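Engineer: To convert, take the position in the sequence shown, counting from 1, and add 95; that gives this note's numbering. This is the structure, below, for whatever I ask next.
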Amino acid sequence: ALAARRADARVLLLDRADFPRDKACGDGIAAHAVDMLAELGVPDAVAGYPPLPALRLLGPGGGAVARALPRPAYTVPREVFDARLVAAAVAAGAELRRHTVRRLAQAGGRVVLDGEIAARVVVGADGAGSVVRRLLGHPVNPDRHLALAMRGYAPALPGPPEQLIVTSGARWPAYAWSFPIGDGRANVGYGEV
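As C-alpha cells, then:
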C-alpha cells in the first residue's frame, strides 16, 4: 500500500477486522525489513521494542550454535506492528475500510469485489486461507503439503536477549522458537511443514 501510494496510485485497504487486532505470527522483524520499512516511510515500526542482538540455534542432537547478529532483529507483536503499518498507509493517503470480500468478478478490465468495489489491481494479502485466491480459482496447496503453527506469549527465558530457534530432525521439518519482546514476555511457538 505504501509503495503504491508513492507511485501516486489510489489505494483502498480492506480488512475484515478492526485495527489493532491480533494475528498469529512469530512477531520477528529482521534488520533488512526495518530498513525497507524506513524507506517506505515507517521509521518507527519497531520503536519501543529492544533490539535482539543474538541468535541461538539448538539442533535435534542437542548441539547449539550462538552468535551475535550482524544487525539486531526485533520482536514486535503483530497487534502493534500491523496497526503501525496501517496507520502509515492511511497517513500516506490510503483509505481503510472494514470489509469482508465474498465475491470477485472481472468486468470491463477491472476486478469487482462484491458488486460494489472496482479496481484495476487487487492484491490479495489475506493469508494462507486467502479468499481472493479461492475466488480466483487458484488451488490451495495439495493435502500432502500442509504447514501448521501455533504461538502464544509466555515468560521470557532468563539470560541475555536473543532469538532462540530449536530445530527438529531432518525427516521432521519443524522448529520451535522463543523471541523475547522486552516486557518480560516472549513470543513462543512451534511450526512444521
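Glycine included, every Cβ here is placed at the ideal spot set by N, Cα and C. This structure is a prediction, so every number in the text was calculated from the model and none was measured.
Counting pairs of beta carbons, one from the segment 143–162 and one from the segment 105–114, are three or more of them closer than 8 Å?
Structural biologist: No, they do not touch.
Engineer: Between A220 and A281, what straight-line distance do the alpha-carbon atoms span, to the nearest angstrom?
Structural biologist: Rounded to whole angstroms, A220 to A281 spans 26 Å at the Cα level.
Engineer: Since I believe V216 is in contact with L180 (beta carbons under 8 Å), could you give me their beta-carbon distance rounded to a whole number of angstroms?
Structural biologist: Going by Cβ atoms, the distance from L180 to V216 rounds to 19 Å, so no, they are not a contact pair.
Engineer: Count the CB pairs spanning the segment 118–127 and the segment 165–181 that are closer than 8 Å, and state whether there are at least three.
Structural biologist: Result yes; three or more Cβ-Cβ pairs closer than 8 Å.
Engineer: Identify the continuous beta strand (DSSP E) that holds R192 and give its terminal residues.
Structural biologist: Residues E190 to R193.
Engineer: What does M245 pair with, by DSSP beta-bridge criteria?
Structural biologist: The partner list for M245 (beta bridge, DSSP) reads Y285.
Engineer: Under a three-way DSSP split, which group does F274 fall into?
Structural biologist: Of the three classes helix, strand and coil, the one that applies to F274 here is strand, per DSSP.
Engineer: At which residues does the alpha helix (DSSP H) containing R179 begin and terminate?
Structural biologist: From DSSP, the alpha helix (DSSP H) with R179 extends over R173 to A186.
Engineer: Give me, in chain order, the residues of the same chain whose beta-carbon lies closer than 7 Å to that of Y58; leave out the 5 immediate sequence neighbours on both sides.
Structural biologist: Residue numbering for the chain in the displayed model covers 96 to 288; residue 58 lies beyond these limits and cannot be assessed.
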